[in-house]
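Presented below is the structure to which this report refers.
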Amino acid sequence: MQIEHHTIGTTIRHAAQAPRTVDAYTLSDGDGISVKVWTYGASLIEVRLPDGRGGDVNVVVRLPQLADYERVEGRAYLGATMGRYARCISGGCFTLDGREYQLVRNNGAHHIHGGRLGFDAFVWEARTECTNDWCAVELRLVRPDGDQGYPGEITAMTTYRLGPGPTLMFEHRARTSSPTVCDITNHAMWNLAGTGTIDRHLLQVNTNRLLHVDDQLMPIGEPMPIDGTTYDLREGKPLAGLSLDNCYLLNSSRDQAALLSDPASGRSMRIQTDQPGLQIYTADTFIYPRTGICLQTGSWPNAPVRPDFPSAYLAPGEEYLHRTIHRFHGPGIASQG
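Take 1 as the starting number for the sequence shown in the working numbering and just add one per residue.
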């Protein structure tokens with residue numbers, strides 16, 4: 001296990017922060033798996049897996065350079081940590097403890113991904129830790145009361161841990177100075193083939209419910225049973241012809257929430273999480289359509305507005321905690337467990 005660190009450049013974007021140095025951390029397990037993380041947006045930039053022929057392949061979609069990630073248009077939040085509330089909030093407005101809060105509307109009439117200047121727009125502070133079995137980078141960001149309209153100063157921490165074994169864990173934590181809402185997730189786009197589209201991938205999701213949405217992708221009505229429909233992925237389906245931007249509602253047993261596989265390469269990725277939702281996006285509207293798939297664990301969309309949904313409430317003295325583990329299999333990948 002080892003960690004390499006280097007500086008990649010200086011931010012130039014918008015008024016989120018004064019120009020800041022951006023650092024890259026590469027975690028390596030010594031068995032051919034490596035993970036690259038940037039302090040800009042606490043972003044996952046690369047996950048490299050052995051290709052079974054002595055080389056490796058990057059299985060997350062990335063852009064060429066830092067400036068590409070700073071552009072608002074076309075970047076699709078690739079690999080970024082999203083918050084303070086990563087999902088959509090209809091009308092950008094919610095009521096908490098009897099008080100109404102109007103958030104920045106950055107998705108038409110609605111709010112999404114924490115606002116125009118969400119967690120993804122900032123350079124985070126980083127520290128590292130390494131043992132014989134795993135290595136990790138922990139990133140920290142503090143945002144003030146009123147940021148993007150949210151109540152409470154929030155301290156967020158995102159940890160990427162490689163190992164033990166062929167696993168990558170995302171851990172998101174947060175604390176607040178006053179009552180707020182919180183949902184932090186990662187916006188990586190996966191492509192286990194490394195190139196091309198995801199159409200030959202297979203996806204299995206272990207649930208028979210998802211959220212019904214309107215034409216603006218806002219949840220409406222009750223959770224929808226999907227038994228026997230196009231959306232029923234419990235037995236696994238090819239992604240070709242399947243266009244998704246939907247939140248699947250995970251069962252209480254989430255040890256295998258989802259399985260993504262690429263039969264052509266023999267690579268697969270199992271997802272285990274402690275979260276109630278899995279937002280699946282097949283990137284049909286991305287600048288490079290369907291070159292990756294987002295599998296975002298977290299809260300249900302619009303939970304701050306819907307008291308019948310699992311709560312996204314975070315109070316002072318409490319800690320927000322979200323853990324998701326990705327386990328990789330394939331040629332050249334040493335198995336463990």
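We treat Cβ as the ideally placed atom computed from N, Cα and C, and that holds for glycine.
Under 7 angstroms Cβ to Cβ from residue i, same chain only, skipping five residues before and after it: list those, please.
| i | result |
| --- | --- |
| glycine 337 | With a pLDDT of 48 at glycine 337, under the threshold of 50, the modelled position of that residue is not reliable, and no figure is offered here. |
| arginine 290 | Thr197, Ile198, Asp199, Thr282, Ala283, Asp284 |
| alanine 109 | Gly91 |
Classify residue i as buried or exposed, calling it buried when 16 or more other Cβ atoms lie within 10 Å of its own Cβ.
| i | result |
| --- | --- |
| isoleucine 220 | exposed |
| histidine 5 | exposed |
| glutamine 148 | buried |
| glutamate 222 | exposed |
| tyrosine 231 | buried |
| arginine 132 | Note on residue identity: the sequence assigns asparagine, not arginine, to residue 132. Counting Cβ neighbours within 10 Å, asparagine 132 comes out exposed, since fewer than 16 surround it. |
| glutamate 235 | exposed |
| threonine 11 | buried |
| aspartate 152 | As written in the sequence, residue 152 is glycine, which differs from the aspartate given in the question. Result: buried. |
| isoleucine 154 | buried |
| tyrosine 288 | exposed |
| arginine 267 | buried |
| aspartate 227 | exposed |
| glutamate 318 | exposed |
| threonine 195 | exposed |
| alanine 67 | exposed |
| proline 399 | Lying outside 1 to 337, the shown extent of the chain, residue 399 is not represented and no answer is given. |
Out of the options, state which residue places its alpha-carbon closest to the alpha-carbon of residue i.
| i | options | result |
| --- | --- | --- |
| isoleucine 271 | Gln296, Asn132, Ile8, Thr291 | Gln296 |
| lysine 237 | Ala312, Ile198, Thr167, Pro144 | Ile198 |
| arginine 127 | Gly9, Ile3, His326, Phe309 | Ile3 |
| methionine 218 | Tyr160, Ile280, Leu162, Pro301 | Pro301 |
| leucine 260 | Val59, Asp31, Phe122, Ser178 | Val59 |
| leucine 78 | Tyr69, Pro276, Pro331, Val47 | Tyr69 |
| glycine 32 | Asn246, Val47, Leu239 | Val47 |
| alanine 80 | Ile280, Thr324, Ala42, Cys247 | Ala42 |
Tell me, to the nearest whole angstrom, how far the beta carbon of residue i is from that of residue j; I am working on the premise that it is less than 8 angstroms.
| i | j | result |
| --- | --- | --- |
| leucine 203 | alanine 258 | 7 angstroms |
| leucine 250 | threonine 207 | 5 angstroms |
| proline 304 | phenylalanine 94 | 4 angstroms |
| alanine 174 | cysteine 182 | 5 angstroms |
| leucine 278 | valine 213 | In fact, because the Cβ distance is near 15 angstroms, the residues do not count as touching under 8 angstroms. |
Kindly indicate the opening and closing residues of the beta strand (DSSP E) around residue i.
| i | result |
| --- | --- |
| alanine 156 | 154-162 |
| aspartate 262 | 258-262 |
| isoleucine 271 | 267-273 |
| glutamine 204 | 202-205 |
| tryptophan 38 | 34-38 |
| proline 166 | It is not in any beta strand (DSSP E) - proline 166 carries neither H nor E in the DSSP assignment. |
| alanine 136 | 135-143 |
| glutamate 235 | Run containing glutamate 235: none; DSSP gives neither H nor E here. |
| alanine 126 | 125-130 |
| leucine 49 | 43-50 |
| aspartate 23 | 21-28 |
| glutamine 2 | 2-10 |
| threonine 282 | Unbroken run through threonine 282: none, as it is neither H nor E. |
| glutamate 100 | 99-102 |
Could you pull out every residue in the same chain whose Cβ sits closer than 8 angstroms to the Cβ of residue i, ignoring the five residues on either side in sequence?
| i | result |
| --- | --- |
| threonine 340 | Only positions 1 to 337 of the chain appear in the structure, and residue 340 is not among them; the question remains open. |
| valine 142 | Glu153, Ile154, Thr155, Ala156 |
Taking the alpha helix (DSSP H) that residue i falls in, what are its first and last residues?
| i | result |
| --- | --- |
| aspartate 68 | 66-70 |
I'd like the list of long-range same chain contacts for residue i, defined as Cβ closer than 6 angstroms, with 5 residues on each side in sequence excluded.
| i | result |
| --- | --- |
| leucine 314 | Thr176, Thr180, Cys182, Tyr320 |
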